[in-house]
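Undergrad: Residue numbers (our numbering), protein chains in the order written: chain B, 178 to 510; chain R, 157 to 687. Even glycine gets a Cβ: it sits at the ideal position worked out from N, Cα and C. Here you go, one structure.
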Amino acid sequence: MRLFGGLLLSLALTLLGLLVVTFIIGRVMPIDPVLKIVGERATQAQYDAAYRALGLDQPLWRQFAIYVWDVLHGNFGMSISTGHPVVSDLKRVFPATLELAALGTLIGVSVGVPLGVIAAARRGGWIDQIARVVALVGYSMPIFWLGLMGLLVFYGILGWVGGPGRQGILFDGMVTERTGMILIDSLIAGDWAAFRDAFSHIILPATLLGYFSLAYISRMTRSFMLEQMSSEYILTARVKGLSETRVIWRHAFRNIAVPLVTVIALSFASLLEGSVLTEIIFSWPGIGQYVTKAMLAGDMNAVLGGTVVIGTCFIGLNLLSDILYRILDPRSE
Amino acid sequence: MIKSFSLRAGLLASVMAFAPAAFADTPKDVLVVADQIDDIITMDTAQSSEFSGINITNNLYDRLVDFDPLDMEAGFKPALAESWEVSDDHKTITFKMRDGVKFHSGNPVRAEDAAWSLQRAVKLDKGLSFILTQFGLTPDNVDENVKADGDKLIIKLDQPYAYSLVLNSLTASVASVIDKETVLPHVEGDDFGNKWLGQNEAGSGPFTLAAWKPNEQVQLASFAGYWNGEPAMKRVIVRHVQESSAQRLLLEQGDVDVARNLSPTDVEGVETKDTVKIVTEPRGRLLYMGLNQNDKLLSNPAVIEAMKYLVDYKGMEGSFLKGQWKVHQNIVPTGYLGASDDNPWTYDVEKAKKILNDAGITSGTIKTVVRDIADYVNVAQTLQASMAQAGLTLEIQQMTGAQVLDAYRARQVPIFIGEWGTDYADPNTNVSTFAINPNNSPDVKHSELAWRNAWAVPEDLQKKAMAATLEGDADKRKQEYLDIQQEYRDIAPIVPLFQKIGQDAMQKNVDHWNSGGAVASVYYRQVTKGE
């Protein structure tokens with residue numbers, strides 16, 4: 178119980194720190210949020226009225242206090258770049274990114290981990306070489322280019338997948354919204370056509386993101402594995418006459434599970450941050466695009482709201498990997 | 157042997173899972189438009205000043221007078237007002253409301269609603285309210301000067317304005333007629349329902365607002381009870397697609413009917429397809445160069461003149477601006493009363509050099525900021541190259557739109573390269589900002605472009621611009637604007653360079669597309685789709 182309380186306290190402090198830093202950055206940023214509201218034509222009187230309406234005439238500490246007070250009451254304010262409450266915007270954009278990032282990570286893990294393990298087991302072999310090339314390409318290819326080429330080939334020429342956007346127009350708004358994640362919502366509704374449509378739209382961007390996390394995960398898996406494989410207990414296991422499969426998966430792999438969890442969690446979190454370029458190319462209305470746009474408009478409510486959500490995810494995933502650490506590694510208390 | 161995860165099986169499975177969905181064309185009664193609509197921040201016509209927002213509200217609301225999308229040349233026509241009368245002193249216009257028209261709520265459209273809508277826009281004082289306040293309407297006098305009387309709406313003006321100016325102004329979105337009874341329950345404090353109308357609508361237009369997801373899409377549904385007949389398109393879906401190449405793919409696959417933001421390269425690419433056509437219309441947007449008169453060098457008349465010869469008009473029109481901008485050296489855009497086709501300046505470095513040398517100028521450095529939009533940056537860099545040939549150094553710093561606007565509003569942009577879009581269908585929309593500067597003092601913070609470039613417009617020119625707003629005779633008025641523009645070209649440090657050409661790419665079966673041309677915003681009600 179004390180542990181739990183301590184965790185909560187550190188969580189609250191971290192979040193507060195996050196708010197302070199973002200708020201200060203937001204206020205010193207050389208972008209005037211008022212201009213987004215009043216537009217180019219505004220007279221000075223119109224400008225001043227909007228300036229006051231935003232509360233920008235208050236001292237900074239007061240603005241911050243008001244902001245924190247509102248946030249504690251679940252009110253993130255209005256976004257000036259969408260004209261909607263930030264909370265309702267986040268409810269819309271976050272599930273879109275969550276869905277994409279989850280599927281991307283799933284792809285990255287299910288291919289990246291085995292690839293890394295095999296590459297390590299057959300060090301210098303052809304699978305290792307392929308893994309190296311795959312990772313290198315993944316690190317160095319501009320996602321912008323890969324995304325467009327993917328769209329051109331799989332959507333434009335082959336017609337295998339859906340185009341930009343989350344759904345085809347015929348399915349838009351047809352599935353009752355529960356989680357905001359269309360794949361899950363359409364499953365709940367039992368609407369297979371909508372599910373297939375949503376899947377055909379998400380698979381390409383998810384594969385693309387998956388590829389990038391694969392590149393990272395497979396490299397990390399490989400180096401973790403190599404470290405284990407050179408340990409003495411592996412030698413012992415081999416001497417005992419255990420099969421190679423057993424040595425690799427039961428012994429070595431079990432020991433890398435712990436650091437691997439952290440790698441995967443961080444990779445997932447970084448996808449949650451929103452891959453802005455992927456979202457732009459695929460017209461994916463996710464949180465990355467949302468926060469970037471808000472930033473360029475000086476829309477601090479939206480930026481702060483988005484940061485709190487992403488920051489909470491980071492903290493939450495860190496916490497989760499800490500807990501998994503304790504479960505997977507019996508040595509830690 | 158390692159019993160490994162079979163990569164091949166995995167790949168095969170995922171390929172099989174790709175939905176081999178049939179990508180059919182869009183339904184016959186649905187129009188799907190790919191556009192960049194991430195600038196919309198409100199649906200309130202009294203506040204909205206952004207292109208995409210007005211493109212939507214233009215179809216949700218009706219105005220007293222409006223253009224006929226099938227005959228734009230005809231100019232404004234009766235809409236919610238069936239007819240009007242101008243008093244002998246030209247200071248009072250009485251509109252008779254059309255009978256039997258209903259709002260989306262089912263409420264009748266009354267003169268009372270029209271009066272309230274105009275009063276509301278003036279009192280809220282947001283967005284483009286100046287279109288109404290330019291006739292002397294203020295929050296204090298508007299209840300008196302805009303009044304309903306039975307089925308009549310009476311508007312009193314402070315000057316005997318040309319009635320074409322007044323009626324052209326009333327075609328603007330800010331003059332939309334709103335359903336007062338529907339809005340009243342949603343009024344908070346003194347906001348006149350601004351918050352509620354930001355995300356909802358209460359119009360009588362051909363479409364209702366079915367959904368608006370910011371940065372994602374807007375859906376319109378046809379209004380069965382529309383007084384001018386229900387539109388053929390039962391649904392209009394405007395999707396936000398940022399990338400030109402993505403818009404092009406969607407168009408080629410038949411997933412959208414219209415793509416509105418194709419780059420010159422992509423327009424060329426789709427042009428050859430026999431399923432696609434390009435509809436080209438001049439738009440009411442000018443790309444111009446503002447020379448700040450606070451700058452010592454730029455305020456030299458020789459420099460102002462020389463700069464006009466240092467722009468490679470044809471070169472830019474034929475390369476990176478190809479098909480999207482045409483050379484236009486006048487402040488009134490093509491498509492407006494009194495528009496001029498005279499483009500006297502050519503790219504002539506030698507001439508510019510001579511003008512500068514005669515004035516004793518052989519070198520100079522100017523540091524400026526340019527918004528990070530490809531066209532603007534390219535124009536600035538082309539200018540930079542030709543200025544260098546004449547001995548002038550231009551240093552360019554790229555910034556975001558908000559940053560540049562901030563600096564421009566503070567008169568701190570030495571050479572402004574950017575766009576100006578018209579606000580209503582009358583030449584005065586541009587003349588009043590390019591050629592009017594009521595007070596050039598740095599403290600007054602006016603929003604006119606002349607003020608932002610610190611240009612004290614000669615009294616005489618301003619008088620002519622004012623006089624043109626009062627000229628009742630259309631032919632005389634046209635001539636006055638031609639004269640104003642000629643004088644403007646000779647002396648002004650704000651130099652129009654190009655006019656926007658709208659290129660909308662669409663499926664061949666889309667008929668009667670109308671983007672609003674130079675004078676209005678997009679109309680969907682007349683659009684039909686053939687086989």
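Return the Cβ separation of B:Leu494 and B:Ala442 in integer angstroms, given the expectation that the two are a contact with Cβ distance under 8 Å.
TA: Confirmed, Cβ separation roughly 4 Å.
Undergrad: Are R:Lys664 and R:Val432 close, meaning C-beta to C-beta below 8 Å?
TA: yes
Undergrad: Please confirm if the stretch 299-317 of chain B is in contact with the stretch 459-468 of chain B, defined as three or more CB-CB distances below 8 Å between the two stretches.
TA: no
Undergrad: Helix or strand or just coil, what does DSSP make of R:Asp667?
TA: strand
Undergrad: So R:Val397 contacts chain B; which residues on that side make the cut at Cβ distance below 8 Å?
TA: Pro341, Gly342 and Ser460
Undergrad: Using 8 Å as the threshold, is the C-beta distance between B:Val294 and B:Met402 below it?
TA: Closer than 8 Å, so yes.
Undergrad: When you compare only the Cα positions, how much space is there between R:Val221 and R:Asn450?
TA: 42 Å
Undergrad: Measuring alpha carbon to alpha carbon, tell me which of B:Ile202, B:Ile365, B:Asn478 and B:Ile487 ends up nearest B:Ser447.
TA: Ranking the options by Cα distance to B:Ser447, first place goes to B:Ile487.
Undergrad: Spatial neighbours of R:Ala458 within its chain, please: CB distance less than 8 Å, with the 5 preceding and 5 following residues excluded, ordered by chain position.
TA: Ile511, Leu512, Asp514, Ala515 and Ile517.
Undergrad: Of the residues B:Ala383, B:Phe430 and B:Asp476, which one's Cα is nearest the Cα of B:Gly260?
TA: B:Asp476
Undergrad: Which residues in the same chain as R:Tyr564 place their Cβ atom closer than 7 Å to its Cβ, once the five residues preceding and following it in sequence are excluded?
TA: Phe572 and Arg608
Undergrad: Between the Cα of R:Asp413 and the Cα atoms of R:Asn593, R:Arg645, R:Arg681 and R:Pro183, which residue gives the shortest distance?
TA: R:Pro183
Undergrad: Quick one: using the 10 Å Cβ neighbour count with 16 as the cut-off for buried, is R:Ala178 buried or exposed?
TA: Low per-residue confidence applies at R:Ala178: pLDDT is 40, beneath 50, and the placement is therefore not dependable, though the value from the model is reported in the following sentence. R:Ala178 is exposed by the Cβ-count criterion.
Undergrad: Is R:Phe179 close to chain B, meaning its C-beta is less than 8 Å from at least one C-beta of that chain?
TA: Only weak support is given to the placement of R:Phe179: the predicted model assigns it a pLDDT of 45, under 50, and the question is left unresolved by the model.
Undergrad: Rounded to the nearest angstrom, what separates R:Val171 and B:Leu360 at their Cα positions?
TA: In this prediction, R:Val171 scores a pLDDT of 37, lower than 50, which makes its location untrustworthy; the coordinate-derived value is nonetheless stated afterwards. In a straight line, the C-alpha of R:Val171 is about 18 Å away from that of B:Leu360.
Undergrad: For R:Gln375, does the count of other Cβ atoms within 10 angstroms reach 16, so buried, or fall short, so exposed?
TA: buried
Undergrad: For R:Ser325 and R:Tyr217, which I take to be in contact (beta-carbon distance under 8 Å), what is that distance rounded to the nearest angstrom?
TA: With 8 Å as the limit, R:Ser325 and R:Tyr217 do not qualify as a contact, their Cβ atoms being about 16 Å apart.
Undergrad: Would you check if the distance between the CB atom of R:Leu605 and the CB atom of R:Gly446 is smaller than 8 Å?
TA: yes
Undergrad: Would you say R:Lys601 reaches chain B, if we count a Cβ-Cβ gap shorter than 8 Å as a contact?
TA: yes
Undergrad: Return the chain-ordered list of same chain residues with a C-beta closer than 6 Å to the C-beta of R:Ala328, the five sequence neighbours on each side being excluded.
TA: Ile287 and Tyr580
Undergrad: Does DSSP classify R:Leu443 as helix, strand or coil?
TA: Strand.
Undergrad: Going along chain R, which residues have a C-beta under 8 Å from B:Lys268?
TA: Those do not exist, as B:Lys268 stays about 11 Å from chain R at its closest Cβ, beyond 8 Å.
Undergrad: Please determine if the stretch 202-217 of chain R and the stretch 452-471 of chain R are in contact, where contact requires at least 3 C-beta pairs separated by less than 8 Å.
TA: no
Undergrad: Using C-beta distances below 6 Å, list every residue in its chain close to R:Asn670, excluding the 5 sequence neighbours before and after it, in chain order.
TA: Pro225 and Tyr679
Undergrad: Can you give me the Cβ contacts of R:Arg254 inside the same chain, cut-off strictly under 6 Å, excluding the 5 residues immediately before and after it?
TA: Leu236 and Glu238
Undergrad: Check this for me: beta carbons of R:Gln540 and R:Leu550, under 8 Å apart or not?
TA: By the CB criterion at 8 Å, R:Gln540 and R:Leu550 fall inside the cutoff.
Undergrad: Mind checking who R:Asp224 pairs with in its DSSP beta bridge?
TA: R:Asp227
Undergrad: I'd like to know whether the C-beta atoms of R:Glu575 and B:Ile457 end up nearer to each other than 8 Å.
TA: no
Undergrad: Give the secondary structure of B:Glu343 by DSSP, where H, G and I count as helix, E and B as strand, and everything else as coil.
TA: Sequence inspection shows Arg at residue 343 of chain B; the Glu mentioned does not correspond to that position. Here B:Arg343 sits in coil by DSSP.
Undergrad: Check this for me: beta carbons of B:His378 and B:Gly333, under 8 Å apart or not?
TA: no
Undergrad: For B:Asp499, name the three-state secondary structure that DSSP assigns.
TA: helix
Undergrad: I'd like to know whether the C-beta of R:Gln655 is nearer than 8 Å to at least one C-beta of chain B.
TA: no
Undergrad: Spatial neighbours of R:Asp269 within its chain, please: C-beta separation below 7 Å, excluding the five flanking residues on both sides.
TA: Excluding sequence neighbours, R:Asp269 sits near Val333, Ile334, Asp335 and Lys336.
Undergrad: Got a sec: which bits of the stretch 350-380 of chain R sit with their beta carbon under 8 Å from any beta carbon on chain B, in order along the chain?
TA: Gly354, Gln355, Ala367, Lys369, Pro370, Asn371, Glu372, Gln373 and Gln375
Undergrad: Mind pulling the chain R residues with CB within less than 7 Å of B:Asp209?
TA: Ala558 and Asp562
Undergrad: What is the residue span of the alpha helix (DSSP H) that R:Ser325 lies within?
TA: Tyr319 to Leu326
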